[in-house]
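**Q** Got a structure for you, questions after.
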Amino acid sequence: MEGLTFLLNGMIAASTGQNLLFAVAGCFLGTLIGVLPGVGPAAGTAILIPLTFKLDATAGIIMLCAIYYGAMYGGTITSVLINVPGEAASVVTCLDGYEMAKQGRGGTALGIAAIGSFIGGSIATLALVVVAPYLAQLGLRFGPPEFFGLMLLGLCLVTALAGRSIVAGLLMAIVGLLLSLVGQDPTRGAPRFTFDIVALYDGVDFIPVVMGLFGVGELLSTAEKPYRDVLKTNLTRLFPTAAEWKRSIGAIFRGSGIGLFMGLIPGVGAIVPTFMAYILEKKLSRHPEQFGKGAIEGVAAPETANNAYANASMIPLLTLGIPSSPTIAIIMGAFIMKGLAPGPFLFSEKPDLVWAVIASFFVGNVILLVMNLPFVGLWARILHIPWQYICVGTLLFCILGAYSLRQSVFDIWVMLAFGIIGFTMRKLDLPTAPLILGLILGKELEKNLRTSLEMSGGDFSIFFTRWLSLALLIMSAMIIIGSALSLAPKEVRESTAD
Amino acid sequence: MRRAWIIASALLAALFGYTVWESRKYAYLDALGPGPGFFGIWLGGVGVLLALFLIAEVVRGGAFLDGDARVLPALADVPRPLAILVGIALVAASVEYVGFRLATLVFIAVLLPLLGVRNWIAIPVLAVAGSWGVFHVFYHWLKVPLPLGELGI
């Protein structure tokens, strides 16, 4: 009951003119980012952080969250119209979405994706309202060994599901963790690996790294082989027919459940629930042979799961302070920039802000639905902009974003270096997500590991004598062993290199 | 592809080995418990082992690799990515001396034709909008500090 009161207050705060305006702006910019091939949600959110510098914490975070779930929807448009996913989670939508567009049903594909995203996002936000306070309470009982176990679990999940080789995924995670060593030691404050470069005393900031790996790296790949062919399809009929509704409604609710559940697990990544939802629908369908040939469930289920995941993945961040993906980590960075620490204490210390942000997810879902159905034609037209303009514009914002965070030219060089690394990793088909999550979680992982060992006087058994910590470590080990034995679906592993 | 993976793994093994070496300069244990060198030594050590394992896996066949995939770009595809890299490097090298506006004006005006744009009206318009326009929005409206350079522009 108390949660409902907080939510109502949050709803009032989220509906004020200023917050509503920034939610609309965030949804618009997010969809634009999703539509533009070469700019994924992570790089896009990072690039747009400077826009929130002058905003108060609530408005700034509302805007960044809106950019995030706007981008998750925007990726669908390119999947359907040019068979190129705007972001990794939309890969599976290409299979049937593009086929629907080829059959002149592109409008219906985008319509069902928007409606499914709205339903999935709303259900996940409702779950956030119910679950989050309890998880935050549980989080208050976590000590350093449990936080270490939780972060390790997140890292193992990302690694196990990333790319073709588990060993390569682990190596990338270690590179990310090593990058986090640069700067001040998290428990003693001593400088490490700084090579007497003043800019390195604050460590390697993950925002220029994200911009380099996901933004510049992707643009270099696009510039190497620029090619885009926008399909001309019927975008006038957006609403599905009664028969299409009948086929989609079950898929939407199952997709919501899968997205919600997977969003609760740190580190899973958006692509996993979308593939799971797709595979489940194909297995349940009476006409599995239609999948890959324009089956509407093949769009409804993954797109719903995608948005449900996007909203639910805020739960580990808000309740435990654990980012599930690089994009969520950027939002976490925005919290920190505003002087807030995401985690269990946030609910007790800043309830107004937390509930306003949660309420803004409901508002944002409505905005996305209203914005995307009538403006599908506009988004499709944006795809006709020559790639060179998009490329130069994005690079400009990457430079601006990298510099303005710390007013440091050094960060532009960092972005450039990671652009080259990102380009090379794409060429070698090496996964980038474990590297980013390793960099983001590294300092906290090390701090919790070392604090745990300090608590036990150097005895590693502290991780095995506390049941929650033990359970998390066993799960981590099982995930790595399962992946090494190739238990994860082949399609998921091959599509998660990014 | 296989050779590229072996080279990449060997470079990673060298990086991890260097990390172990460098971490030895910091205390592994101190009076309170694990010291600043603890995590680096363990991570670097595990990294070396995994990198060597990956090299062995690739040498043995590495079924997960697409052996025919091309890693190095064709010569004809090099100029555009190279122009982007050089452009960013020049902005990074000059932005504090000539200011954000001038550096990005030149960046946009030169990079667009290098990437193949031949619309001679759009190029200057976009260059001015992308440099002076963006600067105005961020510096004056959003109060984001951007470098003015020694010329103050």
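Taken in order, these protein sequences are the chains called A and B. Take 13 as the starting number for the first sequence in the numbering used here and just add one per residue. Take -17 as the starting number for the second sequence in the numbering used here and just add one per residue. Even glycine gets a Cβ: it sits at the ideal position worked out from N, Cα and C.
Could you check the C-alpha separation between A:P314 and A:F287 for me, to the nearest Å?
**A** Rounded to whole angstroms, A:P314 to A:F287 spans 7 Å at the Cα level.
**Q** For chain B, is any of its Cβ atoms less than 8 Å away from the one on A:D214?
**A** With 8 Å as the cut-off, A:D214 does not count as an interface residue toward chain B.
**Q** How do the region 338 to 354 of chain A and the region 370 to 385 of chain A stand: do at least 3 beta-carbon pairs fall below 8 Å, yes or no?
**A** Too few Cβ pairs lie closer than 8 Å, so no.
**Q** Run through DSSP, which three-state label would A:L250 get?
**A** DSSP places A:L250 in coil when its eight states are reduced to three.
**Q** Considering only residues of the same chain and omitting the five flanking positions on each side of A:Y415, which have a CB-CB separation below 7 Å?
**A** Closer than 7 Å at the Cβ level, and outside the excluded window around A:Y415, lie V421, D423 and I424.
**Q** Roughly how far, in whole angstroms, is the beta-carbon of A:R52 from the beta-carbon of A:A100, given that I think they are within contact range, below 8 Å?
**A** With the sequence shown as reference, residue 52 of chain A is identified as Gly, and Arg is not the correct amino acid for it. Their Cβ separation, rounded to whole angstroms, is 7 Å, which keeps A:G52 and A:A100 in contact under 8 Å.
**Q** So B:P127 is in the alpha helix (DSSP H); what residue range does that whole segment cover?
**A** Looking at the DSSP string, B:P127 is not in any alpha helix (DSSP H), and its letter there is neither H nor E.
**Q** Which word fits A:F208, buried or exposed, when buried means at least 16 other C-beta atoms lie within 10 angstroms of its C-beta?
**A** Before going further, note that residue 208 of chain A is Asp rather than Phe in the sequence given. Exposed.
**Q** Within 10 angstroms of its Cβ, does A:F387 collect 16 or more other Cβ (buried), or is it exposed?
**A** Its Cβ having fewer than 16 others within 10 Å, A:F387 is exposed.
**Q** Under the DSSP definition of a beta bridge, which residues are partnered with A:G195?
**A** In the DSSP output, where bridge partners are listed per residue, A:G195 has A:R204.
**Q** Grab me the residues of B:G81's own chain with a C-beta within less than 7 Å of its C-beta, minus the 5 sequence neighbours each way, in chain order.
**A** Contacts found: P129, L130, G131, L133 and I135.
**Q** What in chain B is Cβ-close to A:D197, meaning under 7 Å?
**A** Those are P18, listed as they occur along chain B.
**Q** Here's the rule I'm using: 16 or more other beta-carbon atoms within 10 Å means buried, otherwise exposed. How should A:L183 be labelled?
**A** Buried, by the Cβ-count rule.
**Q** Looking only at its own chain, which residues have a Cβ that is under 8 Å from the Cβ of A:K459, when we skip the five neighbours before and after it?
**A** These residues qualify, in order along the chain: P156, P198 and T199.
**Q** Taking the CB atoms as reference points, tell me whether A:I45 and A:G86 lie closer together than 8 Å.
**A** Yes.
**Q** Tell me which residues of the region 76 to 101 of chain B have at least one Cβ-Cβ distance to chain A shorter than 7 Å, keeping chain order.
**A** Against chain A - using a Cβ distance shorter than 7 Å - the residues of the region 76 to 101 of chain B are V77, E78, T86, I90, L93, L94, L97, G98 and V99.
**Q** Please check if any C-beta of chain A sits within less than 8 Å of the C-beta of B:V126.
**A** Answer yes: the Cβ-Cβ gap between B:V126 and chain A drops below 8 Å somewhere.
**Q** Put A:D108 into one of helix, strand or coil per three-state DSSP.
**A** In this structure, A:D108 counts as helix in the three-state DSSP scheme.
**Q** Below 8 Å between beta carbons: does that hold for A:L449 and A:T331?
**A** For A:L449 and A:T331, no; Cβs fall outside 8 Å.
**Q** Going by other Cβ atoms of all chains shown within 10 Å of its Cβ, with 16 needed for buried, is B:L(-7) buried or exposed?
**A** Exposed: under 16 other Cβ atoms inside 10 Å.
**Q** Within 10 Å of its beta-carbon, does A:A125 have 16 or more other beta-carbons around it, so buried, or fewer, so exposed?
**A** Answer is buried; the Cβ neighbour count reaches 16.
**Q** Excluding the five sequence neighbours on either side, which residues of its own chain have a C-beta within less than 6 Å of the C-beta of B:V126, listed in chain order?
**A** Once the five neighbours on either side are set aside, the close Cβ partners of B:V126 are F120.
**Q** Would you be able to state if there are at least three C-beta pairs under 8 Å between the region 215 to 229 of chain A and the region 346 to 358 of chain A?
**A** Segments in contact, no.
**Q** How many Å lie between A:L497 and A:L484 at the Cα?
**A** Each residue's Cα considered, the two are about 20 Å apart.
**Q** Where does the unbroken alpha helix (DSSP H) through A:N377 begin, and where does it stop?
**A** P363 to N384 is the extent of the alpha helix (DSSP H) around A:N377.
**Q** Going by CA-CA distance only, name the one from A:N31, A:K114 and A:I493 that's closest to A:A307.
**A** That would be A:K114, whose Cα lies nearest to the Cα of A:A307.
**Q** Under 8 Å, with one C-beta from each stretch per pair, do the region 360 to 368 of chain A and the region 121 to 138 of chain A reach the 3-pair mark?
**A** Taking 8 Å as the limit for Cβ pairs, the verdict is that the region 121 to 138 of chain A does not touch the region 360 to 368 of chain A.
**Q** Pick out the complete alpha helix (DSSP H) segments inside the region 141 to 165 of chain A, 4 residues or longer, and give them in chain order.
**A** Runs found: none.
**Q** Which partner residues does B:G15 have in the DSSP bridge list?
**A** According to DSSP, which records beta bridges pairwise, B:G15 is partnered with B:D12.
**Q** Just to confirm the assignment, what range does the alpha helix (DSSP H) spanning B:E39 have?
**A** Its alpha helix (DSSP H) spans residues F20 to V41.
**Q** Between the region 399 to 413 of chain A and chain B, which residues of the former have a C-beta closer than 9 Å to a C-beta of the latter?
**A** Those would be W399, Q400, Y401, C403, V404, G405, L407, L408, F409, C410, I411 and L412, in chain order.
**Q** State the DSSP-derived secondary structure class of A:T70, mapped to helix, strand or coil.
**A** Three-state DSSP puts A:T70 in a helix.
**Q** What is the residue span of the alpha helix (DSSP H) that A:D458 lies within?
**A** According to the sequence as given, residue 458 of chain A is Glu; it is not Asp. It spans A445 to M467 - the alpha helix (DSSP H) in which A:E458 sits, taken as one unbroken run.
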